[in-house]
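Have a look at the structure below before the remarks.
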Amino acid sequence: MIEWFTTVQVIVAAVAGVLCIVLGFAGRVPGDVSMGALALVEVLLVAQLIVTIVAPAVGNEPSGSLPEFYIYLISALILPLAGGFWALIERNKWSTVILGGVCLAIAVMVYRMGQIWFVQGA
Amino acid sequence: MSARDHSEDPTAKRRITGIGRVLVFVYGVLALAATGRSVFQIIDRFHEAPVAFTLSALAAVVYIVATIALVAPGRAWYRVAWITITFELVGVLVIGSLSLFAPATLGLHDVDPFGRDATVWSVYGMGYLFIPLVLPILGLIYLRGHKPRGAAS
């Protein structure tokens with residue numbers, strides 16, 4: 474895990490979450506902006522997965538439990554797919570709010586993943 | 255036809271509308287979070303705090319049932335939703351209090367809601383931004399306002 478990348482990821486997910494919730498309560502159905510923000514969050518998670526696979530091989534070991542870390546990472550990877558699928562079926566403002574909820578949940582999960590990697594057991 | 259009659263229109267098949275979908279979604283995420291964590295804790299370190307981890311798994315199952323009950327139609331599921339959500343509220347209050355004031359009864363080693371013994375209900379769900387404390391209250395308020403057809407008293 475790369476510390477600055479993780480920090481950026483938490484900030485992006487949190488901003489995307491607030492953005493989608495604001496758009497949702499403003500009455501917007503899921504559109505390019507909200508779905509784009511969600512896609513960006515998902516792309517960063519895929520990048521995080523690649524970093525996680527490579528990191529232990531190059532001497533970047535987690536201080537905490539790697540299996541616990543993967544449970545968070547895989548759950549986080551699934552959430553945008555579920556939320557995005559929901560948003561494509563349900564074209565109303567609450568789906569946009571849900572996209573925001575997905576992003577905020579991911580922000581918390583990535584923060585927790587950072588703790589597992591850097592703090593837990595250190 | 256009054257507005258109230260209209261809201262109980264038999265052609266309205268689904269009970270969950272509007273903000274209720276957000277509620278269902280948050281329940282789903284919490285179910286996922288609680289399940290993932292408790293499964294990992296039980297596999298990895300069950301012997302460290304068996305009581306706490308068993309409760310954690312129980313909480314996870316109840317969250318899953320509550321999520322399904324909120325979505326599923328009919329009076330029976332409505333009752334299941336009431337029971338499971340009430341159970342969660344009681345659980346988070348009782349276990350949250352125990353984790354703060356008598357952690358030893360749960361076999362917990364500390365009160366850290368982010369620690370390795372922490373469960374979804376520890377310190378009133380602090381490790382989950384207090385969502386486990388707020389959600390059942392919102393859920394019960396929502397259920398009160400959305401009685402299924404034929405169940406209105």
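Line by line, the protein sequences are chains A and B.
Numbers 474 to 595, taken from our numbering, label the letters of the first sequence in order.
Numbers 255 to 407, taken from our numbering, label the letters of the second sequence in order.
Ideal placement from N, C-alpha and C gives every residue a C-beta, glycine not left out.
Every value quoted in this text rests on a predicted model; they were computed, and no experiment measured them.
Residues near residue i in its chain [Cβ-Cβ closer than 6 Å; skip 5 each side]
i        : result
B:LEU387 : VAL346, TYR378, GLY379
A:ALA520 : none
B:GLY393 : ILE339
Backbone secondary structure at residue i - three-state DSSP
i        : result
A:ALA530 : helix
B:SER376 : helix
B:HIS301 : helix
B:LEU362 : coil
A:GLY587 : helix
A:GLN521 : helix
B:PRO386 : helix
A:MET474 : coil
B:ARG333 : helix
A:GLU541 : helix
B:ALA356 : coil
A:SER536 : coil
A:GLU563 : coil
C-beta contact flag for residue i and residue j at 7 Å
i        : j        : result
A:SER507 : A:LEU572 : yes
B:TRP375 : B:GLY350 : yes
A:GLY587 : A:SER536 : no
A:GLY497 : A:LYS566 : yes
B:ALA323 : B:GLY361 : no
A:PRO553 : A:VAL514 : yes
B:VAL315 : B:THR338 : no
A:PRO503 : A:ALA549 : no
A:ALA486 : A:ALA555 : no
Same chain, Cβ closer than 8 Å to residue i, neighbours up to 5 away in sequence not counted
i        : result
A:ARG501 : SER507, LYS566, THR569
B:ALA405 : Confidence at B:ALA405 is low in this model, with a pLDDT of 48, below 50, so its placement is unreliable and the value that follows should be read with caution. Cβ neighbours of B:ALA405 beyond the five flanking positions: ARG329, TYR332.
B:ILE318 : ALA285, THR289
Sequence-distant residues of its chain with Cβ nearer than 7 Å to residue i (five each side left out)
i        : result
B:PHE384 : TYR378
B:ILE296 : PHE307, ALA311
Contact test: residue i Cβ vs the ligand NAP heavy atom, cutoff 6 Å
i        : result
B:TYR317 : Among the components modelled here there is no ligand, and therefore nothing to report on the ligand NAP.
Interface residues of chain C facing residue i [CB-CB closer than 9 Å]
i        : result
A:PRO540 : This model lacks chain C altogether, as its protein chains are A and B.
Worksheet item: Is the stretch 544-552 of chain A in contact with the stretch 283-290 of chain B, if contact means three or more CB pairs nearer than 8 Å?
Response: Judged by Cβ distances under 8 Å, the stretch 544-552 of chain A makes contact with the stretch 283-290 of chain B, as three or more pairs qualify.
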